[in-house]
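S.K.: Take a look at the following structure, please.
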Amino acid sequence: MPMLVSFCEWLENTPVGMFISGSTWAFPTIESIHVFFLVVVVGTIAIVDLRLLGVASRNRSVSQLSNDVLPITWGAFLGALTTGALLFSSKATHYLGNWPFRIKMLLLLLAGLNMLIFHFLTYRDVHKWDDRSITPGAARIAGALSLLFWIAVVGFGRWIGFTVR
Ligand code: HEM
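With my numbering applied, the sequence shown covers 1228 to 1392.
Structure below.
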């Protein structure tokens, strides 16, 4: 923890961190771009989750839909990560001690873990259920958890703004 605090102190005092915290327009501009990217991330993930749950896109195979949509998700995630890190750099020590921020990071981790388990276990035999509208239980659970985690990430992300000023 002390190492994390010194890292955050260093980060706030970098030219980038100081520029964003000192400017009137930089933070809201970067935050708007952050929101643009996160909407694309969560929206495209929801398309796949709803297919796994058998709610939407039932006429398309799971693998085809994933292959079409997920490259967009990854591109937008890179954008959300970069803009998120820039926002973080402006008030790093504040965010470090902010509980909605911490919960948001934990939820991002859980969403990633859920995705890894799905990808390396459940998705391995996708050829057996690719075209079925009703997917295996494990796939439906992964889809439901993913939706829950991502909605919660958005909720806690917004919550940060009610607590750090
Ligand atoms: C795709 C994943 C992410 C989602 C869904 C997400 C969601 C959000 C949301 C909804 C907001 C509030 C926007 C607003 O109030 O207008 C926000 C703000 C913010 N996010 Fe993210 N975020 C993501 C990734 C990240 C990452 C990886 C970081 C850090 C490296 C980060 C750091 C921040 C910071 C510092 C703020 C500003 C909080 C404030 O002071 O209001 N975000 N995010």
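C-beta atoms are modelled at their ideal positions from N, C-alpha and C, and glycine is treated no differently.
Predicted, not measured: the structure shown is a model, and the values here were computed from it.
Do you know how far the Cα of W1356 is from the Cα of F1347?
M.R.: Position 120 of the sequence shown, counted from the first residue, corresponds to residue 1347. Position 129 of the sequence shown, counted from the first residue, corresponds to residue 1356. Answer to the nearest angstrom: the Cα atoms are 16 Å apart.
S.K.: Nearest to I1260 by alpha carbon, out of L1337, L1308, P1229?
M.R.: Position 33 of the sequence shown, counted from the start, is the residue given in the question as residue 1260. Here the closest residue by C-alpha is L1308.
S.K.: Measure the C-alpha to C-alpha separation of M1342 and L1336 and round it to an integer number of angstroms.
M.R.: Against the sequence shown, residue 1342 aligns to sequence position 115. Against the sequence shown, residue 1336 aligns to sequence position 109. Cα to Cα, M1342 sits roughly 10 Å from L1336.
S.K.: Which complete alpha helix (DSSP H) runs does the stretch 1312-1375 hold, if anything under 4 residues is left out?
M.R.: Qualifying alpha helix (DSSP H) stretches, in chain order: 1319-1323, 1326-1347.
S.K.: In whole angstroms, what separates the C-alpha of G1302 from that of V1266?
M.R.: The residue given as residue 1302 occupies position 75 in the sequence shown. The residue given as residue 1266 occupies position 39 in the sequence shown. The straight-line gap from Cα to Cα measures roughly 12 Å.
S.K.: Do three or more CB pairs link the stretch 1312-1332 to the stretch 1285-1302 at distances below 8 Å?
M.R.: No, they do not touch.
S.K.: Using a threshold of 9 Å, state whether the C-beta atoms of L1313 and I1257 are closer than that.
M.R.: Locating residue 1313 in the sequence shown gives position 86, counting from the first residue. Locating residue 1257 in the sequence shown gives position 30, counting from the first residue. The answer is yes: Cβ separation under 9 Å.
S.K.: Please report how far the alpha carbon of G1244 lies from the alpha carbon of A1319, in whole angstroms.
M.R.: On the sequence shown, position 17 is the one that residue 1244 refers to. On the sequence shown, position 92 is the one that residue 1319 refers to. G1244 and A1319: Cα-Cα distance of roughly 8 Å.
S.K.: Quick check: does the Cβ of I1299 come within less than 8 Å of any heavy atom belonging to the ligand MG?
M.R.: Although the ligand MG was asked about, the structure shown includes only the ligand HEM as ligands.
S.K.: Please determine whether the Cβ atom of V1200 lies at a distance below 8 Å from any heavy atom of the ligand HEM.
M.R.: Residue 1200 lies beyond the range of the chain shown here (1228 to 1392); nothing can be said about it.
S.K.: Give the single residue among F1345, G1370, W1326, I1344 whose Cα lies nearest to the Cα of G1382.
M.R.: One-based indexing of the sequence shown puts residue 1382 at position 155. Measuring from the Cα of G1382, the nearest candidate turns out to be W1326.
S.K.: In or out: W1377 buried (at least 16 other Cβ within 10 Å) or exposed?
M.R.: Start at 1 with the first residue of the sequence shown, and residue 1377 comes out as number 150. So W1377 ends up on the buried side.
S.K.: If you compare alpha carbons, which of V1262, F1246, N1240, A1366 is closest to D1352?
M.R.: Counting from one through the sequence shown, the residue named residue 1352 turns up at place 125. Measuring from the Cα of D1352, the nearest candidate turns out to be A1366.
S.K.: Judging by CA-CA distance, which residue of Y1350, S1360, L1280 is the nearest neighbour of R1374?
M.R.: Position 147 of the sequence shown, counted from the first residue, corresponds to residue 1374. In the sequence on display, residue 1374 carries Leu and not Arg. That would be L1280, whose Cα lies nearest to the Cα of L1374.
S.K.: Under the three-state reduction of DSSP, which class applies to G1281: helix, strand or coil?
M.R.: As a working note, residue 1281 is residue 54 in the sequence shown. In the structure shown, G1281 sits in coil (DSSP, three-state: anything other than H, G, I, E or B).
S.K.: Considering only the alpha carbon of each residue, which of H1321, E1239, G1270 lies closest to S1293?
M.R.: One-based indexing of the sequence shown puts residue 1293 at position 66. Closest by alpha carbon: G1270.
S.K.: Whole angstroms are fine: how far does the CA of W1237 sit from the CA of F1389?
M.R.: Here residue 1389 refers to the residue found at position 162 when the sequence shown is read from its first residue. Here residue 1237 refers to the residue found at position 10 when the sequence shown is read from its first residue. The alpha-carbon atoms of F1389 and W1237 are separated by roughly 25 Å.
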